[in-house]
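Residue 153 in my numbering sits at position 38 of the sequence shown, with consecutive numbering throughout.
Idealized CB from N, CA, C, for every residue including glycine.
Since the structure comes first, as structure tokens, the remarks are kept for the end.
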Amino acid sequence: MPAASAGIAFSIVIGSQCLGRFTGDVLVTRFGAGRIARLGGGLITLGGVGAVLAHEPVLLLASMAALGFGSATLVPGALGAAARLSGVDRAGGVTLVNWLMRVGFLGTSPLVGVIAAEVGLRWGLSILALVGVLTVIFAHRLDSPERRPC
């Protein structure tokens with residue numbers, strides 16, 4: 116795709132993320148935060164692999180939609196779990212996780228850029244698949260409605 120079309124991919128990610136947020140609370144209530152996070156991690160993994168392997172715009176845009184929808188419930192789920200940490204008051208847990216997410220956000224973009232500059236954008240984008248796999252592995256941490264130990 117031409118570089119001028121990058122906004123289309125971004126809009127699809129944000130639009131599918133919005134759709135995921137509109138439907139996410141109902142899904143989390145019905146199936147549980149951990150299950151939905153595992154499904155989201157799977158979609159992120161598939162979207163990341165699709166983005167890396169895409170040679171056609173349709174596959175790339177479908178991959179972006181999977182990434183957005185898969186990530187939609189992760190931040191609210193992480194903040195909800197942070198509010199349930201034992202040994203830390205609710206506000207302290209949410210603040211801590213919020214700052215950790217900010218640090219991750221600030222570190223991820225340059226990491227993708229460094230990898231892309233060294234070995235290519237496809238390899239840089241492969242970090243998305245890794246994030247999806249890690250989400251699937253750690254999604255069970257969102258399941259417990261009770262306060263958990265730190």
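Continuous alpha helix (DSSP H) stretch holding T210: start and end: Taking the first residue of the sequence shown as position 1, residue 210 is located at position 95. Residues 205-234.
Of the choices G247, V248, A231, whose alpha-carbon is the least far from that of L240? Taking the first residue of the sequence shown as 1, we reach residue 240 at position 125. Closest option to L240, Cα to Cα, is A231.
So, is A206 buried or exposed, given that buried needs 16 or more other C-beta atoms within 10 angstroms? Along the sequence shown, one-based indexing puts residue 206 at 91. Counting Cβ neighbours within 10 Å, A206 comes out exposed, since fewer than 16 surround it.
Is there contact here, the region 149-160 with the region 170-182, by at least three beta-carbon pairs under 8 angstroms? yes
Does the distance from the CB of L243 to the CB of G192 come in under 7 angstroms? As a first step, residue 243 must be located in the sequence shown, where it is residue number 128. As a first step, residue 192 must be located in the sequence shown, where it is residue number 77. Contact flag unset, no.
Opening and closing residue of the alpha helix (DSSP H) in which L175 lies: Numbered from 1 along the sequence shown, position 60 holds the residue referred to as residue 175. Here the alpha helix (DSSP H) through L175 covers 172-186.
Span of the alpha helix (DSSP H), counted from its first residue to its last, around S120: As a working note, residue 120 is residue 5 in the sequence shown. Counting along the chain, S120 falls outside any alpha helix (DSSP H), and DSSP gives it neither H nor E.
Environment of V167 [buried if 16+ CB atoms lie within 10 Å]: Translated into the one-based positions of the sequence shown, residue 167 becomes position 52. So V167 counts as buried.
Excluding the five sequence neighbours on either side, which residues of its own chain have a C-beta within less than 6 angstroms of the C-beta of V248, listed in chain order? Position 133 of the sequence shown, counted from the start, is the residue given in the question as residue 248. The answer, listed in chain order, is T160.
Does the distance from the C-beta atom of L176 to that of I127 stay below 7 angstroms? Here residue 176 refers to the residue found at position 61 of the sequence shown. Here residue 127 refers to the residue found at position 12 of the sequence shown. Yes, the Cβ-Cβ distance between L176 and I127 is below 7 angstroms.
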